[in-house]
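Student: This structure is in structure tokens; I'll ask about it shortly.
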Amino acid sequence: MRTIKNFTAYLLLFSVCSFISSGCSRNNYELSDFNKIKKIDAHVHDNSESNTFSEVASENGFKILSINVDYPDFPNVEFQQNVAKLHLKDYRNVFAYASTFYLNGWDETGWADKIINHLDSTFKDGATAVKFWKNIGMVFRDKSGKYIMIDDEKLDPVFNYLTSKNIPVVVHCGEPRDCWLAVEKMMSNDMKEYFSKHPQYHMYLHPDMPSYLDQINARDRMLAKHPDMKFMGAHIGSLEWSVDEAARFLDKYPNAKVDLAARMDYLQLQSQKDWDKVYHFFCKYKERILYGTDLIIGPKDDTTVFKQVTRDKWLSDWKYLATDLTMSVNSVKGEFKGLALPKEVINKIYYSNAEKLFYSAWK
Ligand SMILES: [Zn+2]
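Position one of the sequence shown corresponds to residue 0 (our numbering), numbered consecutively onward.
Structure below.
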């Protein structure tokens with residue numbers, strides 16, 4: 000009897016220790032706590048002159064980081080910047096933004112100086128960070144017709160300048176790995192649907208373009224050149240398909256952080272197969288992961304619909320990350336269980352990591 004008792008105690012001790020060793024303790028939030036705790040969505044796109052996004056954020060206990068992007072489907076960068084300035088006037092404690100720049104004039108001498116001057120003016124206008132987008136690596140070509148990559152030496156003066164000013168940099172490099180796979184081999188149902196309908200963006204069909212590894216390797220070479228830069232890799236640093244790969248990346252670049260924007264389904268797919276692995280990934284890298292959604296409001300979007308969609312997305316993610324409830328989402332086949340991350344982990348990924356990285360924001 001005594002042996003059995005001791006064995007049980009040993010097992011208990013072992014399980015407690017394994018949680019402690021991965022930096023996790025079992026003490027988690029409930030669904031209803033969503034309304035109580037303060038949260039930051041560190042990756043959204045607020046392209047509306049209305050106050051809708053800041054309002055829905057306030058109503059749900061969120062602050063937001065709106066990221067400007069030179070994306071043809073968005074209003075131009077000047078419009079996005081004016082929208083940001085407008086919201087900073089009235090919602091300074093809720094709204095913050097990352098500015099960006101055009102690649103036009105790349106081949107002209109003095110391009111980097113011009114960009115530095117432009118970015119400097121955005122900091123005076125209240126920008127908190129700078130976004131580098133996937134047009135570097137996937138769209139823009141220099142005058143010789145070559146795709147420019149994120150480790151291009153022409154970008155070094157810009158990265159050096161941002162490092163010297165301690166300005167955080169948000170980099171969206173490449174796409175999900177699915178983009179380079181045949182449709183039937185893709186992980187995400189959303190991607191299967193999207194790339195079936197948009198073959199022009201499906202890199203599997205364009206082998207002449209830079210590969211997935213070309214994108215990842217260029218990003219890693221850039222980080223090796225700028226180890227002190229404050230860096231956030233958008234969309235789990237485009238390593239969404241494997242928490243093991245994301246872990247290797249975070250180990251190799253100790254200054255790097257990643258956001259979860261628009262890739263939650265990849266984590267849900269992985270935890271559906273191996274819950275422990277994803278749980279321990281979050282616990283181990285709790286200082287390095289920032290909550291983000293990639294929610295977008297356009298200039299003419301319906302306010303009521305947007306507020307509902309936004310709250311639904313925020314609640315669904317909360318259910319997955321904070322509780323152990325069984326759930327389902329459109330983009331994942333079948334049910335899966337929430338991660339029920341400890342309060343300490345939730346507090347960091349939902350708030351303090353973003354507050355620390357984007358130190359000049361929301362003030
Ligand atoms: Zn985005």
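For every residue, glycine included, the Cβ atom is placed at its ideal position computed from N, Cα and C. Predicted model, so just to flag it, every value in this text is computed and none were measured.
For the candidate residues 149, 94, 150 and 145, whose alpha-carbon lies nearest to that of residue 357?
Tutor: 94
Student: Residue 292: which of 163, 313 and 56 sits nearest, CA to CA?
Tutor: Closest in alpha carbon position to residue 292, among 163, 313 and 56, is 313.
Student: Between which two residues does the beta strand (DSSP E) carrying residue 296 extend?
Tutor: For residue 296, the uninterrupted beta strand (DSSP E) segment begins and ends at 294-296.
Student: Going by beta-carbon coordinates alone, are residue 96 and residue 66 separated by less than 9 Å?
Tutor: yes
Student: Could you please give the first and the last residue of the uninterrupted beta strand (DSSP E) stretch that includes residue 232?
Tutor: 230-232
Student: Indicate whether the contact test is met: 3 or more Cβ pairs, each with one atom in the segment 247-259 and one in the segment 222-231, closer than 8 Å.
Tutor: yes
Student: Going by DSSP, what residue range makes up the beta strand (DSSP E) through residue 358?
Tutor: For residue 358, there is no enclosing beta strand (DSSP E), as DSSP marks it with neither H nor E.
Student: Under 6 Å, CB to any heavy atom of ligand 1. Which residues pass, going along the chain?
Tutor: Here the list is 42, 44, 66, 260 and 293.
Student: Check whether the segment 32-45 and the segment 323-334 are in contact - that is, three or more C-beta pairs closer than 8 Å.
Tutor: With the cut-off at 8 Å, the segment 32-45 and the segment 323-334 do not touch.
Student: Residue range of the alpha helix (DSSP H) that residue 138 falls in?
Tutor: Premise fails: residue 138 is in no alpha helix (DSSP H) and is neither H nor E.
Student: Give a yes or no on contact between the segment 343-357 and the segment 83-93, applying the rule of three or more CB pairs nearer than 8 Å.
Tutor: no
Student: Quick one: is residue 262 buried, meaning 16 or more other Cβ sit within 10 Å of its Cβ, or exposed?
Tutor: buried
Student: Using a Cβ distance threshold of 8 Å, determine whether the segment 275-292 contacts the segment 237-252, with at least three qualifying pairs required.
Tutor: yes
Student: Tell me the DSSP secondary structure of residue 202 in three-state form.
Tutor: helix
Student: By DSSP's criteria, residue 168 is part of a beta bridge. Which residues make up the other side?
Tutor: 129 and 230
Student: Going by beta carbon distance, what residues of the same chain come within less than 6 Å of residue 214, once the five residues before and after it are set aside?
Tutor: 136, 172 and 173
Student: Return the chain-ordered list of same chain residues with a C-beta closer than 8 Å to the C-beta of residue 92, the five sequence neighbours on each side being excluded.
Tutor: 62, 361 and 362
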